[in-house]
Amino acid sequence: MKNLNQLHYFEVPTVMKHGLGAVKHLPAELAALGVKKPLIVTDGGVVKAGLLDQVLQPLREAGVAHEIYDEVVFNPDLKTVAGGTERYLKAGCDGLVALGGGSSMDTAKAVGVEIVHGEPVLEYECAEGKKELSKRIPPLVCIPTTAGTGSEVTLWAVITDPARKYKFNVGGPLLAAHLALVDPLLHLSLPAEMTAGTGMDALCHAIECYTCAYAQPQTDAVALLAIEYVGKYLRRAVANGQDVEARYYMAMAAMLAGLSYGVESAGAVHAMTQTAGGIFPLHHGLAVAATLVPVMEYNWMGEPAKYARIALALGVDTFGLSEREAALAAVEEVRSLVKDIGIPSLREMGITEKDIPMLAQEAFNDPQTIGNPRDLTVQSYEQIYRRALEL
Ligand SMILES: [Fe+2]
51 MKNLNQLHYF
61 EVPTVMKHGL
71 GAVKHLPAEL
81 AALGVKKPLI
91 VTDGGVVKAG
101 LLDQVLQPLR
111 EAGVAHEIYD
121 EVVFNPDLKT
131 VAGGTERYLK
141 AGCDGLVALG
151 GGSSMDTAKA
161 VGVEIVHGEP
171 VLEYECAEGK
181 KELSKRIPPL
191 VCIPTTAGTG
201 SEVTLWAVIT
211 DPARKYKFNV
221 GGPLLAAHLA
231 LVDPLLHLSL
241 PAEMTAGTGM
251 DALCHAIECY
261 TCAYAQPQTD
271 AVALLAIEYV
281 GKYLRRAVAN
291 GQDVEARYYM
301 AMAAMLAGLS
311 YGVESAGAVH
321 AMTQTAGGIF
331 PLHHGLAVAA
341 TLVPVMEYNW
351 MGEPAKYARI
361 ALALGVDTFG
371 LSEREAALAA
381 VEEVRSLVKD
391 IGIPSLREMG
401 ITEKDIPMLA
411 QEAFNDPQTI
421 GNPRDLTVQS
431 YEQIYRRALE
441 L
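No gaps in the numbering here: position 312 of the sequence shown is 362 in our numbering, and each next residue is one more.
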């Protein structure tokens, strides 16, 4: 039960602008932020897909100087961030543009932290004994090329520390983007598998944040609409990448689900996938998609009424069902979505039974275990992992 005596707050420092062709407005938006030479943080896949060109064109036409850092890798680590910081300083940049999925956006946020604080982002990990962010990052415009992570509006960046094989969080309002510029036309070329994985990540953010102990009315409101949009549009976006309407609403779903984080964290799925993603080269969205149903099977009992409402948001006809039946229908609906869009199991991603005890222990130690709607133990994580191996 939520503690109503505690002071809750919801803060979004990010302005959100969205629409088809939104990237055309980038030069004007940078000028409004006072940025004369941005560092564009992106990855090779985005360059190859021609998306960087789509962003560079308006910058060239407007004569905006810029520097490109296209060395972001998925699950970006401390070296990726340090490389971006070095490039920013060397080129004399005064702002950041992140173009890509969560990896590029999180890298840009972390580069921003290093620029204003003058030391490695690792010093600012959300963990005991580490420092609090004390300065606002330089102006950052996030342009997502996937509809999933929601990093364009979250207060978080997830960075891998290779020495510990651990993905750590750094966050707070000082780290958030100044502007989320969302152009669903950039999403049309995203392959079906990535559309599926990232879309499920958005759904998972909404479900975990809606049902976790940190939920509050503001986050509930955005989470429910995000769930509704995913239910209506994810299959269409996977089936036909050129479905602009589906792409638009999936982009909105990702943004709303990002907002559903509020100032807090998620739950068991993210505890599992973030820790596993530090050890194995897993795609975050696909790992989330493979883990979500087994976690929902475990969690529904902690928040049966909310689970029943998730079923409704997903379009399930719950008329005449008991609360328990409706809650379980939410689990089944997500299971059928996962099946329809062809999500591989954790086993197909290379995880085996022998990895489970270690992975379960790591997930249990993750700070996102706290706040999950049902109490967790190492054994319950083992049980969930065993279910996720098969799917
Ligand atoms: Fe996620």
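The C-beta atom is built at its ideal place from N, Cα and C for all residues, glycine as well.
Three-way DSSP call (helix, strand, coil) for residue i in this model
| i | result |
| --- | --- |
| Tyr311 | coil |
| Cys254 | helix |
| Cys192 | strand |
| Lys181 | coil |
| Lys389 | helix |
| Ala78 | helix |
| Ala226 | coil |
| Gly352 | helix |
| Leu441 | coil |
| Val85 | coil |
| Ile360 | helix |
| Met244 | helix |
| Met66 | strand |
| Ile434 | helix |
Start-to-end residues for the beta strand (DSSP E) that takes in residue i
| i | result |
| --- | --- |
| Asp211 | Trp206 to Asp211 |
| Lys217 | Tyr216 to Gly221 |
| Val171 | Per DSSP, Val171 belongs to no beta strand (DSSP E) and is neither H nor E. |
Nearest-angstrom Cα separation, counted from residue j out to residue i
| i | j | result |
| --- | --- | --- |
| Asp445 | Val366 | Because the chain spans 51 through 441 in this model, residue 445 falls outside it and cannot be assessed. |
| Pro394 | Leu441 | 8 Å |
| Ala132 | Ala361 | 44 Å |
| Ile401 | Asn219 | 23 Å |
| Asp293 | Gln429 | 43 Å |
| Lys87 | Lys98 | 23 Å |
| Thr92 | Pro234 | 17 Å |
| Met66 | Met351 | 35 Å |
| Ser154 | His75 | 20 Å |
| Ala213 | Pro407 | 21 Å |
| Val388 | Leu284 | 10 Å |
| Val96 | Met346 | 33 Å |
| Val381 | His167 | 44 Å |
| Ala148 | Leu371 | 46 Å |
Extent of the continuous alpha helix (DSSP H) run through residue i
| i | result |
| --- | --- |
| Ile329 | Ala318 to Ile329 |
| Tyr348 | His334 to Asn349 |
| His237 | It is not in any alpha helix (DSSP H) - His237 carries neither H nor E in the DSSP assignment. |
| Gly23 | Outside the shown range of the chain, which is 51 to 441, sits residue 23, and nothing can be said about it. |
| Asn55 | No alpha helix (DSSP H) contains Asn55, which DSSP labels as neither H nor E. |
| Asn415 | Ile406 to Asn415 |
Assumed close pair residue i, residue j - CB separation to whole angstroms, cut-off 8 Å
| i | j | result |
| --- | --- | --- |
| Val208 | Asp156 | 5 Å |
| Cys176 | Leu89 | Between Leu89 and Cys176 the Cβ distance is about 25 Å, and since that is not below 8 Å, they are no contact. |
| Leu225 | Leu183 | 6 Å |
| Ala413 | Met305 | Not really, about 27 Å apart at Cβ, beyond 8 Å. |
| Tyr264 | Glu314 | 4 Å |
| Lys301 | His237 | In the sequence under discussion, the amino acid at residue 301 is Ala, which differs from the Lys named in the question. About 6 Å separates the two Cβ atoms, so the contact holds. |
| Arg385 | Val343 | 5 Å |
Closer than 7 Å: residue i CB and nearest ligand 2 heavy atom
| i | result |
| --- | --- |
| Thr199 | Looking at this structure, you won't find ligand 2 anywhere; what it does contain is ligand 1. |
Next item on the list: Pick out the complete beta strand (DSSP E) segments inside the stretch 92 to 167, 3 residues or longer, and give them in chain order.
Entry: Counting whole runs of 3 or more residues, the stretch 92 to 167 contains the beta strand (DSSP E) stretches 117 to 122 and 145 to 150.
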